[in-house]
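Trainee: This is the structure I want to talk about, given as structure tokens.
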Amino acid sequence: MPKPRHHALIDVLGAELVPVRRLLPPWLRTLGWLALVAVFAALLFVHYGDRPMLRRWAGAPDLAWAALGAVLTAITAAWAAFALAVPGRASLWAWLPLPPALLWIGASGLGCLRTWLAPDTSIATLHQSADCLVFIISFSIPLSVLLVWLLRRACPLRPVLTALLVGLASAAASACLLEICHSYDAAATDLLTHALAVLIVVVANAAMGGRLLSR
Amino acid sequence: MTADGSLVWDGGLVLLPDDRAPVSAEPANASEPAERKRAAWMAAAQAGDRRAYERVLADSVALIRAVARRQGVGTDALDDVVQETLLTVHRVRHTYDPARSYDAWLSAIAGRRAIDALRSHGRRDRRELHDDIALDQHPDRDDASMDAERRQQARRLREAIAQLPPGQREAVEQLGLREQSLAEAAARTGRNAGALKVNLHRALKALRGRMHGDS
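Protein chains in written order, with my numbering: chain E, 1 to 215; chain Y, 1001 to 1215.
The structure is reproduced here in structure tokens:
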């Protein structure tokens, strides 16, 4: 019988037992994180208003689709990360953000085509794109930190995959926030900036995630 | 034939050496009520019921061993996986949701710990024995540089032991270096055998990490 062999350890763990507060369900924890994103969005709306955003969307509906894709990517990637941080949940959760991410990237890609088809649209310069990069990263950092902190309360058994989802969720959320105060149309440089920012956040999170998230 | 001595057939059927139990922890028809029982015990343990906790941990050992064996962990490392899994279960017991399967939750943790054990053994094996090129190029036993290397390793080990927390250092000194029995060490230090065992286990893990960089 293997039981007696681990009796001493079980005895010690039993002696250390204290009541614990059960982890809230992943969807509720996702809502908690989204509440912070909503606070950032509310502050940006107070400062910039919604008119510039709605005007741009009326002129270029693909931007609205890209924004919808980014919002859904942020929600589903965060939800998947919280679900995967609970042992025993199906790894299929990791695929949840894929369709909205495709919508986000696909619709942003259309913006590039539009600049070739209608060259008069105001294209973001390299300097403006650098501003976007700084914006996305500076919002992604607090959002990632909060996500990592919340996830460490759980038990991410696949830390690198969870970190990838953290990166995707926070970069997508930052891209949504940028949409509120973005003053020019999507262009190739713009898409590249988003892609680079997402990549930086994903790689930084993945590199740290191996240690930050493992238990 | 695998490294741990089990025979693997084309259909994925695994024949295990005589001293191993079949992969399933219990007969299929008995597993459902048994799992419900474990789920109820774990739910009670989350509320602080020590008796239920010790029962569920003791009852989990067979399942952990079955999962570890299925992952290909050798007989000699099974106890390590069981101990690591029990320690993880203790740390993350708040992540268990009593509305879901206890066995799936436990199996996910055990599976992760089994993979960790396989990786750690694989790394050590590659370093120590199975690198033919390194063996060919390795200097003779009498080589002076070999002695210097051994002395350096011993010094590193002494330094690593000195940096351990007091309880862990004591366990290594009493059980590892002075080769005392658990009972002798317990009498000498005034600690109970279980605590010494846990401290030794944690100390060895920390030392492995420091010496091989695989913490």
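Cβ coordinates follow ideal geometry from the N, Cα and C atoms, glycine included.
1. Output yes or no for whether 8 angstroms exceeds the beta carbon distance between Asp-1103 of chain Y and Leu-1063 of chain Y.
2. Below 8 angstroms CB to CB, which residues in the same chain sit around Thr-1189 of chain Y once its five sequence neighbours on both sides are set aside?
3. Kindly indicate which three-state DSSP category Leu-1164 of chain Y falls into: helix, strand or coil?
4. If we cut at 8 angstroms on Cβ distances, does Ala-1203 of chain Y have a partner in chain E?
5. With a CB to CB cut of under 6 angstroms and the five nearest residues on each side skipped, what residues in its chain are close to Leu-1207 of chain Y?
6. Could you give the distance in angstroms between the alpha-carbon of Ala-107 of chain E and the alpha-carbon of Trp-149 of chain E?
7. With a CB to CB cut of under 6 angstroms and the five nearest residues on each side skipped, what residues in its chain are close to Trp-93 of chain E?
8. Which residues, in order along the stretch 14-30 of chain E, keep a beta-carbon less than 8 angstroms from a beta-carbon of chain Y?
9. With a 10 Å radius around its C-beta and 16 neighbouring C-beta atoms as the bar for buried, classify Trp-27 of chain E as buried or exposed.
10. Between Ala-169 of chain E and Ala-77 of chain E, how many whole angstroms is the CB-CB distance? I'm expecting something under 8 angstroms.
11. Below 9 angstroms on C-beta distance, what does Ala-163 of chain E contact in chain Y?
12. By the three-class DSSP mapping on this structure, what secondary structure does Gly-1048 of chain Y have?
13. Less than 8 angstroms separating the beta-carbons of Gly-14 of chain E and Glu-1084 of chain Y?
14. Does DSSP put Gly-88 of chain E in a helix, in a strand, or in coil?
15. Apart from the five residues just before and just after Ser-174 of chain E, which ones in its own chain have a Cβ nearer than 6 angstroms to its Cβ?
16. In whole angstroms, what is the alpha-carbon distance linking Thr-30 of chain E and Val-134 of chain E?
17. Whose C-beta lies closer than 6 angstroms to the C-beta of Val-71 of chain E among residues of the same chain, with five residues either side of it excluded?
18. Suppose you measure from the CA of Leu-165 of chain E to the CA of Trp-104 of chain E; what does that come to, to the nearest Å?
19. For the alpha helix (DSSP H) holding Trp-57 of chain E, just list the boundary residues, first then last.
20. Just to confirm, is the Cβ distance from Gln-1168 of chain Y to Arg-1202 of chain Y under 8 angstroms?
21. Figure out for me which residue from E:Ala-130, E:Thr-162, E:Arg-21, E:Ala-154 has the closest Cα to the Cα of Ala-195 of chain E.
22. From the DSSP output, in three-state form, read off Tyr-1102 of chain Y for me.
Mentor: The short version:
1. yes
2. Glu-1170, Gln-1174, Leu-1196
3. coil
4. no
5. Ala-1160
6. 32 angstroms
7. Ala-80, Ala-83, Leu-84
8. Gly-14, Ala-15, Glu-16, Leu-17, Val-18, Pro-19, Val-20, Arg-21, Arg-22, Leu-23, Pro-25
9. exposed
10. 4 angstroms
11. In chain order: nothing, as chain Y lies at least about 16 angstroms away.
12. coil
13. no
14. coil
15. Ile-136, Phe-139, Ser-140
16. 25 angstroms
17. Cys-176
18. 15 angstroms
19. 51-59
20. yes
21. E:Ala-130
22. helix
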